[in-house]
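Below: the structure, in structure tokens.
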Amino acid sequence: MFLTDDEKSILNGDKGEVVREALDYIIQFGDAFQAQRLVDITYCHYPAEMAIYEGSVEDVVEYSARGGKVAVPTTTSTLCCDLEKPDITGVPDELFKLQSKVEKAHRKMGICETYTCTPQKIGFVPPFGANIAAVESSAIIYYNSVLGCRTNRGGTLTRYSAITGKYPLMGYMLDENRKGTHLFKVKISPERLDSYDAMCALGFHIGEIVGSEVPVIDGIKPKSLNNIIGFGAALATSGSVTLYHIPGITPEARNLHEAFQGENPKEEYEILEKDLDAVYEKMNTIHSGAIDFVTLGCPHYDLEQIRHVAEMLKGEKVADGVRFWICTNRMTRLQAEYSGYVKTIEDAGAKVVADTCPVESHMRKSTCREFGLKIPNVYDMVTDSVKMVRYVGDLIGCRTRLTDTETCIKTAIKGRWN
Ligand code: F3S
């Protein structure tokens, strides 16, 4: 691999052992994928070390003690509990105490403790074309597709990119890998696609067909930032889609010609109303009766979404026996507290949860087993997110119902799905 003088000097140890070792890992990884050179990254979204994974917290505490500092602005993804208000989710104390240790380690390394899956909503928006290194599939697909940044799906290597500010030139950083592969012509009424859950269902259906390729979706105009985030999160859930184009909407595809870089699609599909119906059919294992969990905020909600929930819950009460979580990040919750939305929501008996979400929390079957908690921890969950439905089925083991946001809130108040 070609190395610049600066990179060679790092490898000689001129910036210390931690940086030398991190660059060495990156070069080895790049060599394995025949990368010709490294690129500078301008931002990193880093995997917060979660206490539900054995050794994860201990590893970052030990690593930070070696003196590593991040070289680029770096945010963190979600944790397994709410570090500021652990009691509101019922996390076991031992798990909370272990998870708390990451904050000090992250701060020492210069990492911003954002603990969210939507860093783009709190201002981390690199410029078009910027190379970045990121984890969290819903954020990655947004950065690649909607902002036109360039990133692969990160893993452990992301730490070393944050420390060096480097990544091998490979995968979605290369122009040729960013061209569309499959064309999806959507023939569904725009009114139906106005809702968050319907856009999620559309993303889920396309992701199932396209797998890990690059879909081009023709015939949709997402109504809001949140609908496009939910759509991308679902695409990345059923498939391992990392990049998509919507001609006329996403920045690398002003038209179909640009989306396919002048080539023809490998396959073409029409997406009809009945395809969306089939997704709901598959997702819905609750048919009627009492429910015990409602969750919103997958990916993490922003202030406007929390405001909407607060308006609907004003003067209402969540039914007895129902847990209702609205998941967000700590910065947004602070603003929501300032604006009075958190109080309204709490007065109704719901919780605004930061840093985590049900899928990443102690409610996972494996964690419940370890801490002697009830399995499944909840039985019947209602949500507006396809991604949440897809993961809680396996990880928490509960029944699910996908519906629109307003119906989720009404169901929490009624305590029943009819
Ligand atoms: Fe975020 Fe949890 Fe959903 S990490 S994307 S809220 S599964």
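Using our numbering, the first residue of the sequence shown is number 8, and each one after it goes up by one.
The beta carbon of each residue, even a glycine, is placed where N, CA and C say it ideally should be.
Cβ-heavy atom distance, residue i to ligand 3, below 7 Å
i       : result
Ser-145 : For ligand 3, the structure offers nothing, since it holds only ligand 1.
CA nearest to the CA of residue i, picked from the options
i       : options                               : result
Tyr-386 : Ile-298, Gly-356, Glu-274 and Arg-340 : Ile-298
Lys-273 : Ala-285, Val-221 and Gly-226          : Val-221
Val-223 : Ala-241, Gly-187 and Gly-161          : Gly-187
Lys-128 : Ala-146, Ala-141 and Ile-34           : Ala-146
Tyr-122 : Val-153, Glu-110 and Cys-156          : Glu-110
His-307 : Leu-283, Gly-328 and Arg-340          : Arg-340
Glu-61  : Thr-249, Ser-373 and Ile-420          : Ser-373
Glu-91  : Thr-81, Ser-107, Thr-83 and His-252   : Ser-107
Ala-55  : Pro-133, Thr-83, Gly-97 and Ile-48    : Thr-83
Glu-288 : Asn-138, Leu-409, Val-366 and Glu-143 : Leu-409
Glu-265 : Leu-279, Arg-185, Gly-328 and Gly-37  : Arg-185
Leu-263 : Phe-300, Thr-249 and Lys-192          : Lys-192
Asp-282 : Val-142, Ala-208, Asn-271 and Phe-103 : Ala-208
Thr-390 : Ala-42, Pro-365, Thr-302 and Gly-347  : Thr-302
Gly-162 : Ser-144, Gly-155 and Arg-44           : Ser-144
Met-177 : Leu-164, His-189, Ala-29 and Asn-159  : Asn-159
His-212 : Gly-269, Cys-156, Ser-16 and Ala-243  : Ala-243
Glu-275 : Lys-15, Leu-190, Met-290 and Lys-194  : Leu-190
Ser-247 : Ser-219, Ile-227, Thr-257 and Val-26  : Ser-219
Val-366 : Ala-357, Asp-94, Tyr-179 and Leu-402  : Leu-402
Cys-364 : Phe-300, Tyr-50 and Ser-168           : Phe-300
Leu-250 : Tyr-53, Pro-134, Glu-28 and Tyr-150   : Tyr-150
Gly-155 : Val-67, Ile-253 and Val-64            : Ile-253
Cβ-Cβ separation, residue j to residue i (assumed contact under 8 Å), whole Å
i       : j       : result
Gly-237 : Ser-368 : Not confirmed; about 20 Å, so no contact.
Ser-245 : Arg-397 : 7 Å
Ala-326 : Gly-422 : 3 Å
Thr-351 : Lys-324 : Actually they do not touch by this definition, with Cβ atoms about 12 Å apart.
Ile-48  : Ile-139 : 5 Å
Ile-59  : Arg-371 : 6 Å
Ile-95  : Val-360 : 6 Å
Those residues which DSSP pairs with residue i across a bridge
i       : result
Asp-387 : Arg-406
Ala-72  : Per DSSP, none; premise fails for Ala-72.
Cys-119 : Thr-82
Phe-40  : DSSP output for Phe-40 lists no bridge partner at all.
Val-46  : Tyr-174
Asp-31  : Asp-31 pairs with nothing; no bridge assigned.
Arg-160 : Ala-141
Tyr-179 : DSSP, once it has assigned bridges, lists no residue as partnering Tyr-179.
Gly-296 : Trp-424
Residue burial classification, residue i (beta-carbon count within 10 angstroms, cutoff 16)
i       : result
His-294 : exposed
Gln-312 : buried
Phe-267 : buried
Glu-259 : buried
Glu-101 : exposed
Asp-89  : buried
Ala-78  : buried
Thr-335 : buried
Arg-376 : exposed
Glu-120 : buried
ask   = Curious, which full-length beta strand (DSSP E) runs of at least 3 residues does the segment 184-208 contain?
value = 189-194
request  = Identify every run of the beta strand (DSSP E) within the segment 204-278, keeping only runs that are complete inside it and at least 3 residues long; order them along the chain.
outcome  = 222-225
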